[in-house]
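Below is one structure; the comments refer to it alone.
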Amino acid sequence: MSLETHDQPIGAFDSGVGGLTVVQAMRELLPSEDILYLGDTARVPYGNKSPETIVRYSREIMTYLNKYKVKAVVVACNTASAHALSVLQKESNVPVIGVIAPGVEAARAATRNKRIGIIGTQGTIQSCAYQNLLQRLEPDISITAVAAPLLVSLVEEDWLSHPATQLILEEYLAPMKAAKVDTVVLACTHYPLLKPLAQRVLGPEVVLVDSAQNAAGALAGVLQNHGLNRAASSEAGRITICATDLPAQFSRLAERFLGQRIEAIRCVTVG
Ligand code: DGL
Numbered sequence: 027m028s029l030e031t032h033d034q035p036i037g038a039f040d041s042g043v044g045g046l047t048v049v050q051a052m053r054e055l056l057p058s059e060d061i062l063y064l065g066d067t068a069r070v071p072y073g074n075k076s077p078e079t080i081v082r083y084s085r086e087i088m089t090y091l092n093k094y095k096v097k098a099v100v101v102a103c104n105t106a107s108a109h110a111l112s113v114l115q116k117e118s119n120v121p122v123i124g125v126i127a128p129g130v131e132a133a134r135a136a137t138r139n140k141r142i143g144i145i146g147t148q149g150t151i152q153s154c155a156y157q158n159l160l161q162r163l164e165p166d167i168s169i170t171a172v173a174a175p176l177l178v179s180l181v182e183e184d185w186l187s188h189p190a191t192q193l194i195l196e197e198y199l200a201p202m203k204a205a206k207v208d209t210v211v212l213a214c215t216h217y218p219l220l221k222p223l224a225q226r227v228l229g230p231e232v233v234l235v236d237s238a239q240n241a242a243g244a245l246a247g248v249l250q251n252h253g254l255n256r257a258a259s260s261e262a263g264r265i266t267i268c269a270t271d272l273p274a275q276f277s278r279l280a281e282r283f284l285g286q287r288i289e290a291i292r293c294v295t296v297g
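In my numbering, each number is its position in the sequence shown, counted from 1, plus 26.
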């Protein structure tokens, strides 16, 4: 492996700003890596679009990231992972990591009563990607899956502890409470920001698994296995953030999702 390959950036993409929760987790676990993030803000949301459209968008983004010679790609978006991951993995010359398998592994490790809830976008839940993988690995598990299309907008509005958000979460999470799940997978980039409220609604004994930390862990494992890690350094790697559109509130939102100040966001075209 050439030195250049170790030093190449890791690509990550999402339908918009939410995937920065995954970038934040990547940064914490792999501080010396450079990261090139693309948020497809011009075409967000992905959660209610057809699988064919999501595959097309994802391929276009891969082409964009490959121009920058990324050494691995994280599909930070749950909906894109659900619809496009296997296609991208087949077509790519570099490792492609999705958020679903890491989330499933974390849920398997967390559950004690084998009753698991999954909450995500319409597309993620309808694809059954989480449900099928869980069922295959744990045939005796009971799964309660709920599509929660309203939550993304509430998070983008910053209504993280608003009474309306609590009411809506109570509605979405009611089937999980009724099924007595002990673990809930937050299967959407935006939901980690709703963790405190969801925990309040579900009670302290329910474990909330989010895909951000687990995907970062999976990426670290893949880099290790392929000998692709960048040498540790006292200097933090560079995070470059690109978006296909720059709506007025984008940088404020991006800073909230990433948990740090962002110097500049590049507006780019894909496809
Ligand atoms: N990033 C999407 C996901 O994780 C949520 C936002 C959208 O619908 O595009 O599924």
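Glycine included, each C-beta is placed from N, C-alpha and C at the ideal position.
Since this is a predicted model, take the numbers as computed values, not measurements.
Unbroken alpha helix (DSSP H) runs of length 4 or more, entirely within the segment 199-270: which are they? Counting whole runs of 4 or more residues, the segment 199-270 contains the alpha helix (DSSP H) stretches 221-228 and 237-251.
Terminal residues of the continuous beta strand (DSSP E) containing S76? No beta strand (DSSP E) holds S76; DSSP gives it neither H nor E.
Apply the 10 Å Cβ neighbour rule to N74 and answer buried if 16 or more other Cβ atoms are within range, or exposed otherwise. N74 comes out exposed.
In the DSSP assignment, find the unbroken beta strand (DSSP E) run with V172 in it and report its ends. For V172, the uninterrupted beta strand (DSSP E) run begins and ends at S168 to A173, by DSSP.
Taking T147 and P175 to be in contact with their CB atoms under 8 Å, please state how far apart those CB atoms are, rounded to whole angstroms. Yes, T147 and P175 are in contact; Cβ-Cβ is about 7 Å, under 8 Å.
Thinking C-beta only, is G42 closer than 8 Å to D60? No, Cβ-Cβ distance for D60 and G42 is not below 8 Å.
Extract the residue ranges of the alpha helix (DSSP H) inside the segment 70-124, only unbroken runs of 4 or more that lie entirely within it. For the alpha helix (DSSP H) assignment, the uninterrupted runs of no fewer than 4 residues enclosed by the segment 70-124 are, from N- to C-terminal side, 77-93 and 104-117.
Collapsed DSSP secondary structure at L176 in the structure displayed: Coil at L176, not helix or strand.
Taking 7 Å as the cut-off, is the beta-carbon of G44 closer than that to any non-hydrogen atom of the ligand DGL? Flag set: Cβ of G44 near the ligand DGL.
Please state the DSSP three-state secondary structure of I126. Here I126 carries a helix assignment [DSSP, helix/strand/coil].
Taking all protein chains shown into account, decide if S28 is buried (16 or more other Cβ within 10 angstroms of its Cβ) or exposed. Confidence at S28 is low in this model, with a pLDDT of 47, below 50, so the placement of that residue should be treated as unreliable; the coordinate-derived value is given next. Counting Cβ neighbours within 10 Å, S28 comes out exposed, since fewer than 16 surround it.
For R287: DSSP bridge partner residues: As computed with DSSP, R287 is found in no beta bridge at all.
Thinking just about the alpha-carbon of each residue, which of A38, S84, M88 and V70 is nearest to the one in D271? When each option's Cα is compared against that of D271, the closest is V70.
When you measure from the CB of H109 to every non-hydrogen atom of the ligand DGL, does any distance come out below 7 Å? H109 Cβ: outside cutoff for every heavy atom of the ligand DGL.
What do you reckon, is the C-beta of G229 under 7 Å from a heavy atom of the ligand DGL? No, since every heavy atom of the ligand DGL falls outside the 7 Å radius drawn around the Cβ of G229.
Taking C-beta to C-beta, are Q50 and G253 nearer than 8 Å? Not a contact, by the Cβ cut-off of 8 Å.
Any heavy atom of the ligand DGL closer than 7 Å to the Cβ of V211? Flag unset: Cβ of V211 not near the ligand DGL.
Under 7 Å Cβ to Cβ from Q192, same chain only, skipping five residues before and after it: list those, please. L223 and V227.
Give the C-beta separation of F276 and T47 to the nearest angstrom, bearing in mind that I take them to be a contact with Cβ-Cβ under 8 Å. Going by Cβ atoms, the distance from F276 to T47 rounds to 15 Å, so no, they are not a contact pair.
Kindly examine the ligand DGL and report whether one of its heavy atoms sits closer than 7 Å to the Cβ of H383. The structure shown has nothing for residue 383, since the chain only spans 27 to 297.
At a cut-off of 7 Å, would you count Y72 as near the ligand DGL, judging by its Cβ distance to the nearest heavy atom? Yes, since a heavy atom of the ligand DGL falls inside the 7 Å radius drawn around the Cβ of Y72.
Using a Cβ-Cβ distance under 8 Å, would S277 count as near chain E? Given the protein chain composition of this structure (a single chain), no chain E is represented.
Just grab the DSSP bridge partners of L62 for me. Its beta-bridge partners are G37 and T266.
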